[in-house]
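Visitor: The structure's right below; bear with me while I get my questions together.
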């Protein structure tokens with residue numbers, strides 16, 4: 001399974017080649033991390049996390065496997081970060097300590113968020129080598145990699161793509177992007193640089209596939225701001241607005257709208273406050289007036305207040321959920337209030353968000369959300385934007401990235417419809433080793449890749465076997481039979497999540513179990529076999545009596 | 001909590017009044033059942049089931065509580081069924097046996113599906129009193145209820161609304177509906193009858209709120225058929241199409257399209273075959289050529305076959321899922337095949353459907369689904385259609401029905417924008433007793449209502465406490481400590497779904513537990529207290545050591 005860790009010199013007489021090795025974010029949306037290897041040098045791009053799917057029960061978050069990087073630790077020359085979203089930097093506190101100390105390059109806000117995150121994990125500034133770049137800077141990593149950061153618009157400031165120049169050729173990676181023509185900070189994507197790179201020759205393009213199934217263009221952040229301004233101007237009572245805490249421009253726009261409409265802003269929720277603090281410190285957020293605390297609004301009328309709060313994904317402990325369920329310590333919603341969800345549910349969160357929305361309606365609050373109200377825009381470009389990048393970059397080879405297979409394949413098909421399609425496109429997945437030179441572009445092998453589950457304090461101590469037990473217990477519950485052999489054999493039965501306390505059924509199960517035990521003892525079987533007999537007898541009985549298959553745990557006390 | 005079961009005669013001198021008592025389907029989408037009571041007579045409309053939400057783990061399905069009906073069993077005069085969908089008839093096998101034998105009225109296909117369902121549960125024809133009606137028939141139920149069935153278009157044939165005439169006034173109930181102007185059987189909704197009822201005077205309208213948030217009109221079934229025909233005409237290889245098995249018209253249209261395009265139809269999946277069989281027997285489905293079995297297509301070319309199969313919701317055991325995961329016994333998908341999902345995921349099924357779609361892409365199959373391809377239409381009318389019914393019926397009172405609070409409230413708001421809004425609208429919920437006369441329209445009390453969980457063979461033996469255990473175990477696993485007191489105290493530890501086998505941690509837990517037990521014994525505590533001490537000590541230790549809270553089960557063997 002594992003790639004030999006020796007260097008792979010270009011000693012075959014072939015053209016110099018580069019390896020692209022996605023370890024996360026290829027064939028999925030989440031936990032982005034990509035390695036590039038040229039001869040005996042490796043550089044890394046991003047180190048993100050993913051949130052669990054519903055069958056990954058009880059998991060807090062997921063980080064990518066980095067066996068390949070650990071096995072080749074001595075070759076790693078540096079890392080670059082494209083932007084400050086969790087799926088690009090959230091894995092750093094777990095991953096950086098497992099790698100040698102390497103320079104980590106990123107823009108100002110990105111590194112500010114990284115510092116905040118590392119300090120939460122008790123990792124001190126001196127333990128990592130963070131190096132700030134401007135989004136036009138070029139940095140050299142090792143002897144073979146030259147990285148030029150380029151500005152791309154997205155749903156967080158300081159978002160970067162990059163042009164990677166290697167002896168094997170030039171790679172253009174968009175990073176996450178949309179081509180917002182009216183970004184809130186006025187800084188549009190650097191299409192001129194992409195066009196120039198295209199003219200100079202791009203060997204490989206990696207481009208964001210998230211919205212490859214959506215026709216047209218993604219709505220601009222300015223359009224969202226205009227819609228929010230019109231909406232809020234028409235609201236008489238208190239306004240509660242939620243969005244992704246990392247959407248600094250959206251929140252800045254709402255702060256400005258509130259100011260223009262003579263509303264003071266109250267910010268509620270830990271992650272909201274954290275992003276706001278880092279953004280202000282680094283000059284990415286400006287407050288016309290200071291935030292008020294929720295206990296400072298007493299003298300204000302309802303139409304003079306606007307709350308920005310966490311909870312756009314229906315998270316149970318978020319401010320909006322606590323407001324909706326009436327268990328916020330300081331604030332109670334009431335008829336006449338308005339709630340704006342400036343967000344869409346991320347796949348998997350639909351039920352949770354729907355529950356919150358229904359509770360808000362039941363309180364009598366006015367609730368505004370997409371698609372009825374156009375108060376959100378994706379951070380990822382749609383087909384027209386993807387086509388623009390492909391047309392400008394004119395890559396020889398193409399890797400649709402940052403997407404599930406459906407997104408990657410539709411991105412690949414889109415590329416084929418263009419006037420100058422790539423010569424070759426690969427639908428890659430995590431762990432693929434993609435070899436790249438002027439003459440070839442193919443998967444030549446695989447390295448270990450996949451998910452490491454983080455749960456509580458544990459990292460990697462939960463595997464798929466443990467998750468399977470959780471799934472089984474969630475479906476049918478658990479039933480524990482304890483056979484005590486002395487002085488007289490008897491069996492105790494305890495269950496959780498199986499059926500309501502039912503003495504008759506418990507008694508029957510005890511009887512079936514005891515018969516199996518007594519027979520085993522009479523036949524002088526080994527205790528393991530007696531235990532297995534008890535297990536089998538109870539399983540058959542329970543299945544027949546209840547139609548169910550709880551997780552059975554047989555214990556024998558000798 | 002419970003409503004007294006005595007009759008509620010109109011002896012107060014007030015105008016005669018009717019009670020509407022929704023027991024399911026009000027404030028939710030699913031398990032529809034509504035009772036009407038006039039003096040000492042009750043009639044019932046529908047008896048559906050609901051599918052569990054994700055937190056209702058391991059539950060097979062949910063039926064409504066019918067305590068009110070059981071307590072007033074002697075007053076029940078009859079039942080009517082609006083159509084054959086599971087959320088309207090799926091509860092019958094559980095509910096009918098718990099009620100006295102009453103006449104059950106429904107249209108031909110509806111009763112055909114009911115018979116099929118009852119026979120699966122071993123309930124014989126003679127045990128129930130099913131009475132077939134045409135969709136213009138009037139029937140009398142008891143002495144006070146006159147029901148006139150009216151045709152409404154929906155995503156299943158023979159779908160009915162009704163006009164209920166009582167001494168207290170006239171109720172118009174749309175049932176589930178859209179106003180399809182080009183229904184596949186040519187039979188449009190009976191708007192003329194609704195208009196006439198409006199002129200004659202409708203006291204109360206109950207109308208379908210499902211799509212109250214959607215502007216415009218819902219796409220016609222004919223439009224879907226045209227889009228499917230164009231799409232399939234362009235496909236060269238095998239076609240696999242899935243939709244809801246109950247969407248008889250959609251399936252008939254696809255059968256006709258296949259015939260016109262010289263494709264033979266193979267039908268795969270138990271529920272598909274069941275609906276097709278009942279529909280054919282009753283004349284709702286006609287086959288230009290017989291279905292082929294999947295082992296009869298050997299001599300045909302790829303473009304001569306079309307499979308209709310189950311799996312539109314990503315159900316793991318469905319035909320499409322087995323095809324996607326490569327474990328169907330007879331059929332293997334391959335590059336060049338096309339799969340059409342003529343359906344949208346029902347809320348909660350998004351992840352499962354997405355998984356299947358991605359697997360299909362990975363196989364190299366061409367996959368067609370909404371919204372990119374307009375190959376599905378909802379069975380429920382959008383705002384324009386809802387407005388049309390409100391405008392024609394001109395009800396004095398309005399109960400937005402068949403929706404969650406967000407749908408009900410938006411339906412209510414829509415009604416207020418119309419030229420002749422209802423005099424009063426109530427946002428009701430299951431269990432409300434809604435009193436209705438010419439002079440009043442209000443909630444006067446509540447009766448028990450809610451969910452009965454069906455799991456395996458058990459009906460109602462799982463409560464929210466059991467579900468909470470399942471949720472907890474799914475998040476953190478379970479850990480069982482067995483303290484054996486004789487001859488020398490020792491503790492055994494077993495866990496499931498907690499962490500990977502970890503001897504060191506197990507040893508520490510055993511030590512912590514044993515110390516608590518030994519101290520308790522030294523202090524001569526009662527065994528219950530010793531057990532609680534062990535529980536507390538282990539809980540504290542595990543939380544600190546792992547950051548987790550597994551479900552702990554302490555056992556003491558004396």
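Chains as they are written, first to last, in the UniProt record's numbering: chain A, 1 to 558; chain B, 1 to 558.
Virtual Cβ for every residue (Gly too), placed ideally from N, Cα, C.
Here the structure is a predicted model, which is why all the values come from computation and not from measurement.
Do you know offhand how far residue 9 (chain B)'s Cα is from residue 19 (chain B)'s?
Guide: Note that residue 9 (chain B) scores 46 on pLDDT, short of 50, meaning its location in the model is unreliable; the coordinates nonetheless yield the value given after this. If you take the alpha carbons of residue 9 (chain B) and residue 19 (chain B), they lie about 11 Å apart.
Visitor: Along the chain, where does the alpha helix (DSSP H) containing residue 405 (chain A) start, and where does it finish?
Guide: 405–416
Visitor: Identify each residue in the segment 389–411 of chain A for which the Cβ-Cβ distance to at least one residue of chain B is less than 7 Å, and report them in chain order.
Guide: Listed by position, the residues of the segment 389–411 of chain A near chain B (Cβ gap below 7 Å) are 404, 405, 406 and 409.
Visitor: For residue 424 (chain B), which beta-bridge partners are listed by DSSP?
Guide: B:397
Visitor: Is the distance from the Cβ of residue 33 (chain A) to the Cβ of residue 46 (chain A) below 8 Å?
Guide: yes
Visitor: Quick check on the DSSP output: the alpha helix (DSSP H) that includes residue 55 (chain A) runs from which residue to which?
Guide: Judged by DSSP secondary structure, residue 55 (chain A) falls outside any alpha helix (DSSP H); it is assigned neither H nor E.
Visitor: Less than 8 Å between the beta carbons of residue 448 (chain B) and residue 65 (chain B), yes or no?
Guide: yes
Visitor: If you scan the segment 476–513 of chain A from start to end, which runs of the alpha helix (DSSP H) of 4 or more residues do you find wholly inside it?
Guide: none
Visitor: Are the Cβ atoms of residue 375 (chain B) and residue 409 (chain B) separated by less than 8 Å?
Guide: no
Visitor: If we count Cβ pairs, one from each stretch, closer than 8 Å, do we get three or more for the segment 244–253 of chain B versus the segment 437–453 of chain B?
Guide: no
Visitor: How would you list, in chain order, the residues of chain B whose beta-carbon sits under 7 Å from the beta-carbon of residue 441 (chain A)?
Guide: None at all; the shortest Cβ gap to chain B is about 19 Å.
Visitor: Using a Cβ-Cβ cut-off of 7 Å (strictly less than) and excluding sequence neighbours within five positions of residue 343 (chain A), which residues of its own chain qualify?
Guide: 242, 243, 244, 312 and 376
Visitor: Cα-Cα, which of B:444, B:545, B:525 and B:552 is closest to residue 536 (chain B)?
Guide: Among B:444, B:545, B:525 and B:552, the Cα nearest to that of residue 536 (chain B) is on B:552.
Visitor: Quick one: what does DSSP say residue 11 (chain A) is sitting in, helix, strand or coil?
Guide: With a pLDDT of 49 at residue 11 (chain A), under the threshold of 50, the modelled position of that residue is not reliable, and the figure given next carries that caveat. In the three-state reduction of the DSSP assignment, residue 11 (chain A) falls in the coil class, being assigned neither a helical nor a strand state.
Visitor: Give a yes or no on whether 8 Å exceeds the smallest Cβ distance from residue 25 (chain B) to chain A.
Guide: no
Visitor: Please decide whether residue 551 (chain A) counts as near chain B, where near means a Cβ-Cβ distance under 8 Å.
Guide: yes
Visitor: Please go through the segment 159–218 of chain A and give each complete alpha helix (DSSP H) segment of 4 or more residues, from N-terminal end onward.
Guide: 191–200
Visitor: Report yes if the CB atom of residue 381 (chain B) is closer than 8 Å to the CB atom of residue 158 (chain B), and no otherwise.
Guide: no
Visitor: Report the neighbours of residue 358 (chain A) on chain B: residues whose CB is nearer than 7 Å to its CB, in chain order.
Guide: 404, 405 and 406
Visitor: Using alpha carbons as the reference points, say which of B:56, B:81, B:524 and B:37 lies closest to residue 72 (chain B).
Guide: The shortest Cα separation from residue 72 (chain B) among B:56, B:81, B:524 and B:37 belongs to B:37.
Visitor: Closer than 8 Å, Cβ to Cβ, to anything on chain A: give me those residues from the segment 444–462 of chain B, in chain order.
Guide: 455, 456, 457, 458, 461 and 462
Visitor: Which residues in the same chain as residue 346 (chain B) place their Cβ atom closer than 7 Å to its Cβ, once the five residues preceding and following it in sequence are excluded?
Guide: So the list reads 313, once near-sequence residues are dropped.
Visitor: What are the boundary residues of the beta strand (DSSP E) that includes residue 143 (chain B)?
Guide: That residue, residue 143 (chain B), is in no beta strand (DSSP E); it is neither H nor E in DSSP.
Visitor: What residues are listed by DSSP as bridge partners for residue 34 (chain B)?
Guide: B:22 and B:45
Visitor: Any idea if residue 119 (chain B) is buried or exposed, counting beta-carbon neighbours within 10 angstroms, 16 or more meaning buried?
Guide: exposed
Visitor: Under 9 Å Cβ-Cβ, which residues of chain A neighbour residue 347 (chain B)?
Guide: 350, 351 and 354
Visitor: Please tell me whether residue 560 (chain B) has its Cβ less than 8 Å away from any Cβ of chain A.
Guide: For residue 560 (chain B) there is no data in the structure shown, the boundaries of chain B being 1 and 558.
Visitor: Going along the segment 522–554 of chain B in order, which residues come within less than 8 Å of chain A, judged by CB to CB distance?
Guide: 545, 546, 547, 548, 551 and 553
Visitor: What in chain A is Cβ-close to residue 480 (chain B), meaning under 7 Å?
Guide: 480 and 553
Visitor: For residue 386 (chain B), collect the residues of the same chain with a Cβ closer than 7 Å to its Cβ; drop the 5 residues on either side in sequence, then sort them by chain order.
Guide: 207, 212, 411 and 414
Visitor: Output, in chain order, the set of chain A residues within a Cβ distance shorter than 8 Å of residue 473 (chain B).
Guide: Within 8 Å Cβ-Cβ: 470, 473, 474, 477, 478, 496 and 497.
Visitor: Taking residue 317 (chain B) as the query, report the chain A residues whose CB atoms sit under 9 Å from its CB, ordered along the chain.
Guide: The premise fails here: residue 317 (chain B) is roughly 14 Å from chain A at the closest Cβ pair, so nothing lies under 9 Å.
Visitor: Shorter than 8 Å from the beta carbon of residue 213 (chain B) to some beta carbon of chain A?
Guide: Among the CB atoms of chain A, one or more fall inside 8 Å of the CB of residue 213 (chain B).
Visitor: With a threshold of 7 Å, establish whether the CB of residue 153 (chain B) neighbours any heavy atom of the ligand MG.
Guide: Among the components modelled here there is no ligand, and therefore nothing to report on the ligand MG.
Visitor: Quick check on DSSP: helix, strand or coil for residue 373 (chain B)?
Guide: coil
Visitor: The segment 55–67 of chain B: which residues have C-beta closer than 7 Å to a C-beta of chain A, in chain order?
Guide: 57 and 58
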